[in-house]
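As structure tokens, the structure follows; a few thoughts come after it.
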Amino acid sequence: MNFRHVDLTVNSGENNFVIRIRNARQEDGRRIQMLFAEVYGHNYPMSLVSDRAKMNHAIASDDYFWLVAEHNGRIIASQIMHIDPENRLGKAIGAVVSREYRKHKLNNIMMNLIMESVTKKHKIVDAVYATTRTVTAAPQKVLDNLGFSALGIFPNAHKIHDHETYCLTAYYVLSAWGKRRKPVKMLREIEPFFRLAQRELLSRLTGRELQLGKARFVAEKSPDAGLPNRADQKLIQFETIHASSFVADRFHRTKSTGVFSNFYVPFHKPNMMLISHDQKTEIYMQYNPQDKYTAILGGRSETNDLSLLLNSAADVLSNLNISYLECLVDAYTPELQRQAIDAGFLPSAYFPAMRLVGRKRWDYIAFSRSFETLDFRKVTLIPAYRAYLKEYLKMWNAMYVESAIRSGE
108 MNFRHVDLTV NSGENNFVIR IRNARQEDGR RIQMLFAEVY GHNYPMSLVS
158 DRAKMNHAIA SDDYFWLVAE HNGRIIASQI MHIDPENRLG KAIGAVVSRE
208 YRKHKLNNIM MNLIMESVTK KHKIVDAVYA TTRTVTAAPQ KVLDNLGFSA
258 LGIFPNAHKI HDHETYCLTA YYVLSAWGKR RKPVKMLREI EPFFRLAQRE
308 LLSRLTGREL QLGKARFVAE KSPDAGLPNR ADQKLIQFET IHASSFVADR
358 FHRTKSTGVF SNFYVPFHKP NMMLISHDQK TEIYMQYNPQ DKYTAILGGR
408 SETNDLSLLL NSAADVLSNL NISYLECLVD AYTPELQRQA IDAGFLPSAY
458 FPAMRLVGRK RWDYIAFSRS FETLDFRKVT LIPAYRAYLK EYLKMWNAMY
508 VESAIRSGE
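Written out as structure tokens, the structure is:
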């Protein structure tokens with residue numbers, strides 16, 4: 108996306124200097140990589156930065172808005188917005204500033220420029236979201252100050268140096284609320300996350316536009332509720348296919364069906380699939396061995412038992428050294444929400460008006476299952492996200508501690 112450059116005059120004691128903010132260019136590639144290496148070492152798990160071919164494609168693509176800040180021939184900051192025009196959704200990624208320039212608030216300035224462009228000037232998105240690190244509270248505060256709303260957490264989702272918890276935050280254009288599908292229908296267990304999201308949205312702007320409206324909460328039960336990962340469950344046997352081009356093409360051609368029909372994870376592309384021995388079940392996912400993160404994007408199967416499918420997939424993936432498995436379930440099908448919980452997936456975030464289906468924007472719930480010991484000692488959260496963590500831990504304790512105590516009585 109074309110952007111007219113901005114020159115910032117910075118007051119630095121006796122000598123002022125100019126920082127230029129402009130579109131990234133393909134010849135910037137090595138300098139962008141050096142910036143990320145300076146801040147993160149060589150552990151940053153984003154192929155858009157590490158893979159020059161992907162970087163060059165993104166810089167040239169209209170689906171990315173990539174700004175850099177330059178001073179004395181150095182790239183000192185970078186900010187990317189990935190655009191999904193079909194869903195009118197944006198994702199802010201790759202925000203990084205060289206340590207010696209952080210006092211100049213380049214993150215805020217660059218993000219403001221991008222948001223102004225995509226939400227007001229060009230009006231190409233209804234919502235923008237981001238996931239922020241929790242090593243410090245600074246990224247959370249930057250987006251909080253820009254009007255983003257806290258929507259949840261992703262516990263132990265990525266491994267950079269250690270396993271890190273990430274936060275989900277989103278910004279909405281008011282017109283998004285007129286498109287939102289209502290009412291939602293959810294399990295009682297998910298109500299705390301819904302209420303936290305509603306409280307957060309209302310704190311931004313009071314009025315009917317941001318009311319999430321009435322919700323139907325049900326106590327949907329299954330025969331196996333409260334018994335995740337049952338030893339007596341006969342799991343589906345899968346083989347794995349890692350041919351990323353083949354997997355992506357097959358996913359695009361076959362589409363998701365059955366219990367996977369409404370699965371959706373924005374800005375993810377499958378690079379691995381599981382296929383059952385009888386070839387009646389396929390599950391597609393994005394698998395990142397570097398940071399041990401995996402998301403289930405969709406699939407097809409003759410069985411309607413989502414719990415069995417998720418448990419079977421988790422059994423295979425646990426042997427591939429992953430730490431975190433995620434899926435998004437719509438907020439209108441409580442029986443699938445229940446089956447996700449039965450498979451040991453716990454809700455941790457609520458994303459209103461995320462996906463555009465026809466003329467309506469659907470709400471989604473983020474569910475995750477961790478294969479590592481949960482450790483939040485190094486997590487720094489502002490109060491809004493701390494509330495989501497407390498609710499997540501309540502559910503984790505009920506599922507893995509209290510249920511074990513009850514079963515032994």
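Numbering (my numbering), first residue to last: 108 to 516.
Yeah, the Cβ is synthetic: ideal placement off N, Cα and C, and Gly gets one too.
Source: prediction; values computed, not measured.
Which residues does DSSP pair with residue i in a beta bridge?
i: P454; result: F474
i: A503; result: One point to set straight first is that residue 503 is Trp, not Ala, in the sequence displayed. DSSP output for W503 lists no bridge partner at all.
i: K292; result: R323
i: S256; result: A277
i: I348; result: M380
i: F261; result: Y273
i: W469; result: R462
i: S185; result: V175 and V203
I think residue i touches residue j, with their Cβ atoms under 8 Å apart; what is that distance to the nearest whole Å?
i: A167; j: Q140; result: That belief does not hold up - the Cβ atoms of A167 and Q140 are roughly 17 Å apart, past 8 Å.
i: A491; j: Y279; result: Between Y279 and A491 the Cβ distance is about 16 Å, and since that is not below 8 Å, they are no contact.
i: N426; j: A450; result: Not really, about 17 Å apart at Cβ, beyond 8 Å.
i: S224; j: V203; result: The Cβ separation is near 20 Å, so there is no contact.
i: I489; j: A237; result: Actually they do not touch by this definition, with Cβ atoms about 14 Å apart.
i: F358; j: Y394; result: Not confirmed; about 13 Å, so no contact.
i: R295; j: A326; result: 6 Å
i: I183; j: S205; result: 4 Å
i: R468; j: A283; result: 6 Å
i: R129; j: E207; result: Actually they are not in contact, since the Cβ atoms of R129 and E207 sit about 20 Å apart, beyond 8 Å.
In or out: residue i buried (at least 16 other Cβ within 10 Å) or exposed?
i: F172; result: buried
i: E409; result: exposed
i: D482; result: exposed
i: N378; result: buried
i: A277; result: buried
i: V464; result: exposed
i: T361; result: exposed
i: D470; result: buried
Once DSSP output is grouped into helix, strand and coil, what is the label at residue i?
i: D114; result: strand
i: E409; result: coil
i: M218; result: helix
i: R129; result: strand
i: A234; result: strand
i: N395; result: strand
i: K387; result: coil
i: M141; result: helix
i: F358; result: helix
i: G180; result: coil
i: A420; result: helix
i: F124; result: strand
i: P330; result: Low confidence applies to P330: its pLDDT is 47, below 50, so where it sits in the model is not reliable, and the reading given next is rough at best. Note: P330 maps to coil in three-state DSSP.
i: Y439; result: coil
i: I297; result: helix
i: E193; result: coil
i: L309; result: helix
Who are the Cβ neighbours of residue i in its own chain at under 6 Å, not counting the five residues just before and after it?
i: L413; result: V366, L443 and Q446
i: C434; result: I403 and F474
i: T487; result: T241, T243 and A244
i: Q397; result: P152
i: L496; result: I260
Can you find the residues in the same chain that come closer than 7 Å, C-beta to C-beta, to residue i, ignoring five residues on each side of it along the sequence?
i: K161; result: S154 and L155
i: D191; result: P373 and F374
i: E298; result: F324
i: K341; result: none
i: L424; result: T401 and L432
i: T116; result: N123 and V125
Kindly examine the ligand NAP and report whether one of its heavy atoms sits closer than 7 Å to the Cβ of residue i.
i: L115; result: Judged by which ligands are present, the structure shown has none, so any question about the ligand NAP falls away.
Ordered along the chain, which non-local residues of its own chain (more than five positions away) have a Cβ less than 8 Å from that of residue i?
i: N252; result: N215
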